[in-house]
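Notes to accompany the following structure.
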Amino acid sequence: MNETAESPRTARTGGTPADRPIPVTVIGLGPMGRAMVETLRASGTVVTVWNRSPEKAHAMKEFGAARADTVAPALDAGEVILVSLTDYAAMYDVLGTAVDHLPGKTIVNLSSDSPEVTRTAARWVRARGGRFLAGGVMADGAGVGGADSFIFYSGEREVFDACTEVLRPLGRPEYLGADVGLAQLYYQAVLAMFLSGLLAFEQALAMIERSGEPIERFLPYAQRSMGDMTGLYAGVAALAADTGGWRDLAHLRMMAAGAGHVVETAAAVGVGTDLARAVQDLWLHALSESERTGEPVSTFQLLRGGTA
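Numbering-wise (my numbering), the sequence shown opens with residue 660 and increments by one.
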C-alpha cells in the first residue's frame, strides 16, 4: 500500500477487541462502490480501496480512504471486505489472485447475481478460509446511506451480527436468514418490479411523445395514476398467496382487452410494441388456459410456472 489515511492497524490498537473499530476494504469503485466509500468515511470508518483502474482508487483520497496497489494488501488492510462489482464472476477474477489472504476475512458481496450463483460463491470463499455474507442494496449510488435506503443480507447469523454496525451507515440492514441466496432472491424480485415498471413508463412516454403531446403535460397524470401502491400490492399479494392470483374470467377478459388497446395505440403512432405485446400475450395465454382447463387461470399461475 503506497498511500494511507489512518492505518487500519493503528486504528485498532489501544482497546479491547470489542472496542476497536473494524477496518473495511472496498473492492470495486463504480458509482455504488464510490458512494459506499464516501458514506463509510463520513461515519468515521477506516477504509482501504482497490480497483482495476488505479485512477478511480486514487480519487478516493478525497474522502480519506487509503489505496492498495494490489488485491493482497487490500485484503490485509480490512477485516470486512465489501465487494461491489458487475457480477459474481468478477469476484473470482479479483479475489482469485490473492486466495491465501482470505482466511479470517469477511467477504460481503454486494454485487448483483442469481441466488444459486451466490450460494456457489459462498462455498468458494468458505473453502478458502473466509466468511461470507451476501447483500442486495436497495438504493442507487446517490441514495446509499439515505433515510430510505436498506440492504438485504443473508448468510450465517453470527457473521451478520459481527459486522452489522460497520455496515449500518450504508443503509438499514435487513437480515433474511442463513440461506445465503435469500438476499439476491429478494433483491432480484424487487428488481423485476422496477425494471418492468421502468420500461412500462417509457412505453407510455413514447406513446405520448410520438402522438405530438408534451411529456411534461403527461407527467403529473402518470404520477397521480400510480399514487400509493401499497394497498394494491397488499391485495395482489393476498390473492397470490391465498387463491393463486386473480382468478376471475371477467377480470382476465378486461385486462386482455385493455392490453390489446395499448398495443393498437402504440402501433398507430409508430411506437415499438414488443413490451406491450408481451403483456397482452400473457393475458391472452391466461384466457386460453382458462378455456382449456375449464376454470379461471391467473397470470400469477402462469408466471410461477404451471397452473396446478
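Just so you know, even glycine gets a beta-carbon here, dropped at the ideal spot from N, CA and C.
Does DSSP put residue i in a helix, a strand or coil?
{"i": "M797", "result": "strand"}
{"i": "P713", "result": "helix"}
{"i": "V685", "result": "strand"}
{"i": "G673", "result": "Low local confidence applies: a pLDDT of 35 at G673 is under 50, so the model's placement there is unreliable, with the coordinate-based value given in what follows. Three-state result, G673: coil."}
{"i": "S666", "result": "Its pLDDT being 35, under 50, S666 is placed unreliably in this model, and the value from its coordinates should be taken loosely. Reduced to three states, the DSSP call for S666 is coil."}
{"i": "E872", "result": "coil"}
{"i": "E954", "result": "coil"}
{"i": "V730", "result": "helix"}
{"i": "V803", "result": "coil"}
{"i": "L744", "result": "coil"}
{"i": "T823", "result": "helix"}
{"i": "W783", "result": "helix"}
{"i": "T777", "result": "helix"}
{"i": "L932", "result": "The sequence as given places Thr at residue 932; Leu does not occur at that position. If DSSP states are grouped into helix, strand and coil, T932 belongs with coil."}
{"i": "A772", "result": "Per the sequence shown, the amino acid found at residue 772 is Asp instead of Ala. Residue state, collapsed to three classes: coil."}
{"i": "W905", "result": "coil"}
{"i": "A842", "result": "helix"}
{"i": "A633", "result": "Within the shown structure, residues of the chain are numbered from 660 to 967, placing residue 633 beyond reach of any answer."}
{"i": "G886", "result": "coil"}
{"i": "S949", "result": "helix"}
{"i": "S808", "result": "coil"}
{"i": "Y755", "result": "The question names Tyr, yet the displayed sequence has Gly at residue 755. Three-state result, G755: helix."}
{"i": "G856", "result": "helix"}
Considering only DSSP beta bridges, list what residue i is partnered with.
{"i": "S813", "result": "A793"}
{"i": "T707", "result": "T684 and A725"}
{"i": "T765", "result": "V739 and R790"}
Output needed for residue i: all residues of its chain with C-beta closer than 7 Å, excluding positions within five of it in sequence on either side, in chain order.
{"i": "I681", "result": "E738, V739, C822 and V825"}
{"i": "E697", "result": "F722"}
{"i": "P955", "result": "R906, D907, L908, L911 and S949"}
{"i": "A842", "result": "A793, G794, G795, F811, Y812, S813 and L835"}
{"i": "V938", "result": "A918"}
Tell me which residue opens and which closes the beta strand (DSSP E) that residue i is part of.
{"i": "R831", "result": "R831 to Y834"}
From which residue to which residue does the alpha helix (DSSP H) around residue i run?
{"i": "T889", "result": "T889 to T902"}
{"i": "H910", "result": "L908 to A927"}
{"i": "A701", "result": "P690 to A701"}
By Cβ distance, which residues of its chain are closer than 6 Å to residue i, with the 5 residues on each side in sequence left out?
{"i": "L844", "result": "P774"}
{"i": "P762", "result": "G788"}
{"i": "L943", "result": "A915"}
{"i": "E665", "result": "Because the pLDDT of E665 is 40, which lies under 50, any placement of that residue in the model is unreliable, and the number read from its coordinates should be weighed accordingly. Same-chain partners within the cutoff: V705."}
Ordered along the chain, which non-local residues of its own chain (more than five positions away) have a Cβ less than 8 Å from that of residue i?
{"i": "R869", "result": "V928, G929 and V930"}
Exercise for the section: Tell me, please, whether the region 744-758 touches the region 771-789 by the rule of three or more beta-carbon pairs shorter than 8 Å. Expected result: The region 744-758, when compared against the region 771-789, does touch it at the 8 Å Cβ threshold.
Handout entry: contact_flag[the region 922-932, the region 847-855] where n(CB pairs < 8 Å) is 3 or more
Key = Too few Cβ pairs lie closer than 8 Å, so no.
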